[in-house]
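Structure first, commentary second.
Chains as they are written, first to last, in the UniProt record's numbering: chain A, 1 to 330; chain B, 1 to 208.
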């Protein structure tokens, strides 16, 4: 294993020191492992808190700032944060209007956020929770832990964050967050596995001629393995899975997301195919993101996320945002 | 079984988890996300430190402290699940200075109920419950049969071990392995494997 780390045990803390040094717009509590907006808490504004395992950068710390999250809690690599961290974040962003927890649907994340919400509630902070579960690769929800939260997390954080910035109430911010999730779908493909620092070797084996279809964002293997083929055909498989679950139509927000080790030039090739697929189905990619946003360490591959827009959602997507990883309009 | 016995149990667990850290992580890499060994190692190391700092006076207080530490330090699903298991067992023991096998059995059932309430897993879902439930049942049976404490713990450890091994052919229906569907078949569940380690450590503490 070759990685730019000082030691396996200090990966998260060392990265937090870098985030703190690079971004004066953030206040990083290194001891409790919370990334705050420097101006949190904002009186009268609903606070947005998200968090999850590390290794998905820029998610979530890179999305803390004006118009998006108020705080992010990074856990160990691929391990959800602990309740203490989440409580610290929740209390730290509560400006009296309550706090929205944005939780990706994984057993660990759900359990730790649940405990934190309960304990924060005991201390007088009103907490609402939205679960993100956009990954269509997990099919049989009755016999699994349910669909995973992946790329749509970014959409939820951006759009709910924009609404919170207008002074909307907690229930209203939670409603729009759930609406974004319901209108979003994702599918991921890996060309290579990733290497978790503590494990020291790749999480699974994949030959030069194979790809994994339906991967999540934790280096876990996908649902099936398939032969490597042209980008066009790989995209078709991914988009067919999305289309089969929620037919694509109308104005669509599209993200082609790199898993961490994918050259941007390949992501643009993928985006061209995704856009063509949408047109074929009568949908239009009116807003787009191409880049590394919800990653899986050094994995090569991509995920595609679509969100069927409404007038309100488009306005909120276009609203100003100023975070380390996403900024426009301000 | 007094406070000292349960402190020895935690010590045995920490040692076993450290020794099996890479093995647990590799089991997790196959059907999960390759962090189980590292997480439990961090958790039980922290639990030992917490015990050294607080010196709890009863088995119940000791286990509640271990559970709270796991919840605070581990993260993932295993933190809240193992944390709840230890806390529930500790609460079931109350203020008693000495725990009989029958009381241990009651505590274990409370732990199992806590884990199932939180994780909503049933036996056969390919989770830690597949080791915990048979161990609790084996201990209850040993108490009914009037076995000596060491024999009772031996039976519980054997049942946990067997339960963990029996997860190999199962398809996961809970937790991260469930995302793999049929591809989760053929691998031992890391949570069941670590639960078996806990019972092995209990047996080791008894034979000290």
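From the three backbone atoms N, C-alpha and C, an ideal C-beta is built for every residue, glycine too.
Per DSSP, which one or two residues make a beta bridge with residue i?
i	result
residue 74 of chain A	A:52
residue 253 of chain A	A:287, A:307
residue 98 of chain B	B:2
residue 224 of chain A	A:213
residue 341 of chain A	Residue 341 of chain A lies beyond the residue range present for chain A, which begins at 1 and ends at 330; the question has no answer from this structure.
residue 28 of chain A	A:35
residue 195 of chain A	A:202
residue 66 of chain A	A:322
residue 299 of chain A	A:260
residue 191 of chain B	Answer is none; residue 191 of chain B lacks a bridge partner.
residue 340 of chain A	Beyond the ends of chain A as shown, which are 1 and 330, falls residue 340 of chain A; an answer cannot be given.
residue 328 of chain A	A:321
residue 219 of chain A	Answer is none; residue 219 of chain A lacks a bridge partner.
residue 47 of chain A	A:99
Quick check: residue i and residue j, are their CB atoms within less than 8 Å of each other?
i	j	result
residue 247 of chain B	residue 78 of chain A	Outside the displayed span of chain B (1 to 208) sits residue 247 of chain B, for which this structure offers no information.
residue 321 of chain A	residue 329 of chain A	yes
residue 99 of chain A	residue 130 of chain A	no
residue 78 of chain B	residue 39 of chain B	yes
residue 156 of chain A	residue 147 of chain A	no
residue 99 of chain B	residue 59 of chain B	yes
residue 62 of chain B	residue 6 of chain B	yes
residue 189 of chain A	residue 217 of chain A	no
residue 101 of chain B	residue 136 of chain B	no
residue 324 of chain A	residue 53 of chain A	no
residue 316 of chain A	residue 170 of chain A	no
residue 72 of chain B	residue 84 of chain A	yes
residue 1 of chain A	residue 258 of chain A	no
residue 88 of chain B	residue 113 of chain B	yes
residue 16 of chain A	residue 30 of chain A	yes
Let me check understanding here. Comparing Cα to Cα, which of the options lies closest to residue i?
i	options	result
residue 265 of chain A	A:91, A:46, A:302, A:38	A:302
residue 212 of chain A	A:162, A:222, A:205, A:112	A:222
residue 185 of chain A	A:15, A:305, A:24	A:305
residue 159 of chain B	B:102, B:132, B:56, B:52	B:132
residue 175 of chain B	A:255, A:37, A:180, A:145	A:145
residue 252 of chain A	A:191, A:95, A:279	A:279
residue 197 of chain B	B:10, B:3, B:2	B:10
residue 173 of chain A	A:215, A:291, A:313, A:246	A:313
residue 112 of chain A	B:116, B:75, B:101	B:75
residue 86 of chain B	B:96, B:95, B:200, B:70	B:70
residue 176 of chain A	A:242, A:255, A:194, A:153	A:153
residue 124 of chain B	B:117, B:145, B:170, B:134	B:170
residue 249 of chain A	A:256, A:257, A:239	A:239
residue 136 of chain A	A:288, A:237, A:282	A:237
residue 219 of chain A	A:191, A:283, A:244, A:29	A:191
residue 20 of chain A	A:207, A:36, A:257	A:36
residue 133 of chain A	B:122, B:183, B:128, B:179	B:179
residue 246 of chain A	A:128, A:198, A:308, A:22	A:308
residue 197 of chain A	B:82, B:91, B:37, B:14	B:37
residue 166 of chain A	A:8, A:26, A:319	A:319
residue 294 of chain A	A:32, A:256, A:110, A:28	A:256
residue 289 of chain A	A:300, A:56, A:151	A:151
Would you say the beta carbon of residue i comes nearer than 7 Å to a heavy atom of the ligand GTP?
i	result
residue 92 of chain A	In the structure shown, the ligand GTP is absent, as is every other ligand, since no ligand is present at all.
Could you list which residues in chain C have their beta carbon closer than 9 Å to that of residue i, in chain order?
i	result
residue 138 of chain A	No chain C appears in this structure, whose protein chains are A and B.
If residue i sits next to residue j, beta carbons under 8 Å apart, how far is it from one beta carbon to the other, in whole angstroms?
i	j	result
residue 92 of chain A	residue 41 of chain A	7 Å
residue 74 of chain A	residue 61 of chain A	6 Å
residue 158 of chain A	residue 267 of chain A	Their Cβ separation, rounded to whole angstroms, is 19 Å, which puts residue 158 of chain A and residue 267 of chain A out of contact at 8 Å.
residue 161 of chain A	residue 59 of chain A	Rounded, the Cβ-Cβ distance is 13 Å, inconsistent with contact.
residue 116 of chain B	residue 134 of chain B	Not really, about 14 Å apart at Cβ, beyond 8 Å.
residue 86 of chain A	residue 51 of chain A	6 Å
residue 227 of chain A	residue 209 of chain A	6 Å
residue 231 of chain A	residue 275 of chain A	Not a contact, Cβ separation roughly 13 Å.
residue 76 of chain A	residue 34 of chain A	At roughly 14 Å, the Cβ-Cβ gap does not stay under 8 Å, so residue 76 of chain A and residue 34 of chain A are not in contact.
residue 127 of chain B	residue 119 of chain B	7 Å
residue 285 of chain A	residue 254 of chain A	5 Å
residue 244 of chain A	residue 187 of chain A	Not a contact, Cβ separation roughly 10 Å.
residue 203 of chain A	residue 155 of chain B	About 36 Å separates the two Cβ atoms, so there is no contact after all.
residue 157 of chain B	residue 93 of chain B	Actually they are not in contact, since the Cβ atoms of residue 157 of chain B and residue 93 of chain B sit about 20 Å apart, beyond 8 Å.
residue 46 of chain A	residue 168 of chain A	7 Å
residue 17 of chain B	residue 35 of chain B	That belief does not hold up - the Cβ atoms of residue 17 of chain B and residue 35 of chain B are roughly 13 Å apart, past 8 Å.
residue 116 of chain A	residue 90 of chain A	6 Å
message: Report the start-end ranges of each alpha helix (DSSP H) in the segment 106-167 of chain B that is 4 residues or longer and not cut off at the edges.
response: 129-144, 149-165
- request: Within the segment 94-179 of chain A, note down every full beta strand (DSSP E) run reaching 3 residues or more, in order along the chain.
  value: 99-104, 127-132
- request: Within the segment 62-95 of chain B, note down every full alpha helix (DSSP H) run reaching 4 residues or more, in order along the chain.
  value: 78-93
field: 3 or more residues per run - each beta strand (DSSP E) lying fully within the segment 3-36 of chain B
entry: At a cut-off of 3 residues, not a single continuous stretch assigned as beta strand (DSSP E) sits fully inside the segment 3-36 of chain B.
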